[in-house]
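Trainee: Just passing along the structure, written as structure tokens.
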Amino acid sequence: FEYIYFARPDSKIDGMGVYESRINAGKILAKTHPVEADLVVGVPESGNPAALGFAMESGIPYGNAFIKNNYVG
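Here the sequence shown stands for residues 1487 to 1559, numbered as in my numbering.
See below:
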């Protein structure tokens, strides 16, 4: 869960980059669970790299649908 949610994207855990791990998780998800969709979006902030990886692997365009307000909640 550390890679998925808590860790900063610019961190390394056990020598592996968190951002790269999240992208790779998205790529694996696209291979194992293909979908028909018009757009891939992530839920900020930790979900964005996984969504990007999913989009890269699946060929479905990536876009932003949610903007996080860092000053509220």
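Note that the Cβ used here is the ideal one computed from N, Cα and C, for glycine as well.
No experiment lies behind these values; they were computed from the predicted model shown.
Mind checking whether residue 1535 and residue 1512 have CB atoms under 8 Å apart?
Mentor: Cβ distance < 8 Å, so residue 1535 and residue 1512 count as in contact.
Trainee: I need the straight-line Cα distance from residue 1528 to residue 1537, nearest angstrom please.
Mentor: One C-alpha to the other measures close to 5 Å.
Trainee: Quick check on residue 1553: buried or exposed, where buried means 16 or more other Cβ atoms within 10 Å of its Cβ?
Mentor: Exposed: under 16 other Cβ atoms inside 10 Å.
Trainee: Going by beta-carbon coordinates alone, are residue 1544 and residue 1516 separated by less than 8 Å?
Mentor: Cβ atoms of residue 1544 and residue 1516: closer than 8 Å.
Trainee: Rounded to whole angstroms, how far is the Cβ of residue 1526 from the Cβ of residue 1509, which I believe are closer than 8 Å?
Mentor: No, residue 1526 and residue 1509 are not in contact; Cβ-Cβ is about 12 Å, not under 8 Å.
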